[in-house]
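**Student:** Below are the structure tokens for one structure; questions will follow.
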């Protein structure tokens, strides 16, 4: 049985799942707040904000999906597959971490108020950090060398 980078895979998968879990929470927070508390249900079509919210949620899901794909690449026992998965996860996680920490007000625009009010942004940040750690571990992972020397046998 070939050796696999289990720790890198688990960390990356947890990070991707955390990023993905934050998206429906944001969607529900915005939807429930807008629809049920701020305006009557009949005015949704007039404002036309539901379609952009759905598109925004799909866009926010992309880093989580890419991270999970990278985790599946890391799960392989092929050294090149692990390295490529680690590179993919490290790049996506680093960019997403930068976006959620530095550029969140610009990119998230009108939905920023909902991210600021609940600890949702931390879900994106924590998921990105955990995935980044997993990606870096995968980058430096090397399978143990199996000795090809015949075992010394002693005749008793």
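In this note's numbering, the protein residues as written are 2 to 157. The beta-carbon is built from N, C-alpha and C at its ideal position, and this holds for glycine as well.
Under 8 Å: do the stretch 23-34 and the stretch 130-138 share three or more Cβ pairs, one atom per stretch?
**Tutor:** no
**Student:** Where does residue 157 land, buried or exposed, given buried means 16+ other C-beta within 10 angstroms?
**Tutor:** In this predicted model, residue 157 has a pLDDT of only 49, less than 50, meaning its place in the structure is not dependable; the value taken from the coordinates is given anyway. The residue is exposed, with fewer than 16 neighbouring Cβ atoms inside 10 Å.
**Student:** Between the C-alpha atoms of residue 99 and residue 56, what's the straight-line distance to the nearest angstrom?
**Tutor:** 21 Å
**Student:** Could you round the C-beta distance between residue 88 and residue 140 to whole angstroms and report it? I think they count as a contact, below 8 Å.
**Tutor:** Between residue 140 and residue 88 the Cβ distance is about 7 Å, and since that is below 8 Å, they are a contact.
**Student:** So, residue 65 versus residue 75, is the Cβ gap smaller than 9 Å?
**Tutor:** The Cβ-Cβ distance between residue 65 and residue 75 does not fall below 9 Å.
**Student:** Helix, strand or coil for residue 30? Go by DSSP, reduced to three states.
**Tutor:** helix
**Student:** What residue range does the alpha helix (DSSP H) around residue 4 cover?
**Tutor:** Where residue 4 is concerned, there is no enclosing alpha helix (DSSP H), given that its DSSP letter is neither H nor E.
**Student:** Quick one: Cα of residue 82 to Cα of residue 71, how far?
**Tutor:** 9 Å
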